[in-house]
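FYI, the numbering for the sequence shown is 285 to 517, going by the numbering used here.
Cβ atoms here follow ideal geometry from the backbone N, Cα and C, with glycine treated the same way.
Please read all numbers here as calculations on a predicted model, not as lab measurements.
Data block below; observations after.
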Amino acid sequence: MVADAPPPPPAHIAQAAPQLRAYRISAVSGSERVEFAGDPEAGCAERGVCGVSGVETFTPAKADRGMPAAITRVGRRAGGQGFLLSGGTTTAQVTTNGADAPCADSFFVRQAVVTFRHRGTRIQAQLHGPVGEPPLGQDAAVFATHCAGPRTGDLSAAGALPTALLRASSLSRRKLIFALRADTPFRAAGFSGRVTASVRLTLRRDRTLERALRLTGGILVSPGGGSGSSVAP
């Protein structure tokens with residue numbers, strides 16, 4: 285006996301071909317701040333960071349004119365990743381009990397990444413990479429100071445990175461404005477503390493860039509010469 289063939293998919297699913305959306309940054313403002321202290325419950329003794337406390341701050345640079353900013357692939361559902369910021373400055377001021385002087389550091393980070401992921405009926409944008417996954421590209425360096433303190437991967441694993449929720453329909457607008465925010469406690473890598481952030485972004489859709497990206501299969505090459513990022517869902 286031959287089984288009946290499965291019914292064809294509904295028309296609205298069959299027609300929901302992915303579409304590419306590309307933007308360029310026109311403005312960036314705000315900052316991301318991490319306050320922390322060694323915490324016995326987080327394992328500070330094992331890591332040798334009891335008595336260590338401080339602040340790390342990342343401040344994005346102004347957007348470069350015309351810099352490719354974001355790409356996402358959108359169909360009936362949305363997803364993908366590949367959003368580049370034009371770098372920024374990280375500073376750190378850390379004290380250790382018994383030390384003669386505090387540790388201070390400041391450096392420029394070449395670029396940072398924002399990812400887009402489907403969350404229910406909306407799109408989640410997150411600074412430095414998805415929650416619970418390793419940071420993307422150069423984002424691992426954002427909080428890699430010469431002083432003791434939590435790193436980007438620690439904050440990602442703790443679910444403390446700045447995020448924003450967007451309507452999927454908003455990705456078709458000519459201009460998209462949103463703020464990646466955080467006011468989130470964390471406990472990781474021997475420290476506990478809080479991430480506070482409000483990084484405001486303004487994106488303008490670029491159809492010329494969309495056409496160019498279709499020719500590369502949705503791959504954006506970093507302006508700094510780094511590897512490309514695929515935005516397939």
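Expected contact under 8 Å - CB spacing of residue i and residue j to nearest Å
i	j	result
Leu460	Ala306	In fact, because the Cβ distance is near 11 Å, the residues do not count as touching under 8 Å.
Gln395	Arg401	That pair is no contact at about 20 Å.
Ala481	Arg317	7 Å
Leu450	Arg406	6 Å
Exposure label - residue i; buried when at least 16 CB within 10 Å
i	result
Arg308	buried
Thr399	buried
Arg360	With a pLDDT of only 49 at Arg360, under 50, the local geometry of the prediction cannot be trusted, and the value read off the model is given with reservation. Looking at its Cβ environment, which holds fewer than 16 other Cβ atoms inside 10 Å, Arg360 is exposed.
His273	As shown, the chain starts at 285 and ends at 517. That puts residue 273 outside it, with no answer to give.
Asp323	buried
Ala326	buried
Gly340	Checking the displayed sequence, the identity of residue 340 turns out to be Glu instead of Gly. By the 10 Å Cβ count, Glu340 comes out buried.
Ser476	buried
Which listed residue (the options) has its alpha carbon closest to that of residue i
i	options	result
Arg478	Thr492, Leu439, Val398 and Arg491	Leu439
Val393	Thr373, Thr405 and Gly382	Thr373
Thr378	Phe427, Arg488 and Ala441	One point to set straight first is that residue 378 is Val, not Thr, in the sequence displayed. Cα-wise, what sits closest to Val378 is Phe427.
Ala385	Ser310, Gly338 and Gln410	Gly338
Ser454	Thr341, Cys328, Arg488 and Arg484	Arg488
Val397	Leu499, Ala425, Ala329 and Phe320	Ala425
Phe320	Ala347, Thr486, Thr380 and Ser390	Thr380
Cys334	Cys431, Gly474 and Ala452	Gly474
Ala376	His430, Ala466 and Ala345	His430
Span separating the alpha-carbon of residue i from that of residue j
i	j	result
Ala472	Met351	35 Å
Ala448	Gly314	14 Å
Phe470	Val336	16 Å
Gly382	Pro434	20 Å
Gly437	Gly404	25 Å
Arg521	Thr492	Because the chain in this structure spans residues 285 to 517, residue 521 falls outside the shown range and cannot be described.
Asp490	Ser370	17 Å
Cys387	Thr343	19 Å
Ala442	Asp423	16 Å
Residues that residue i bridges to, as DSSP identifies them
i	result
Pro352	Arg308
Ala402	One detail in the question is off: residue 402 reads as His in this sequence, not Ala. In the DSSP output, where bridge partners are listed per residue, His402 has Ile407.
Ser456	Paired residue(s): none; Ser456 is not in a bridge.
Ser315	Ser482
Cys387	Val378
Leu464	Val483
Residue i Cβ short of 7 Å to the ligand GTP heavy atom set
i	result
Thr405	The ligand GTP is not part of this structure, which contains no ligands at all.
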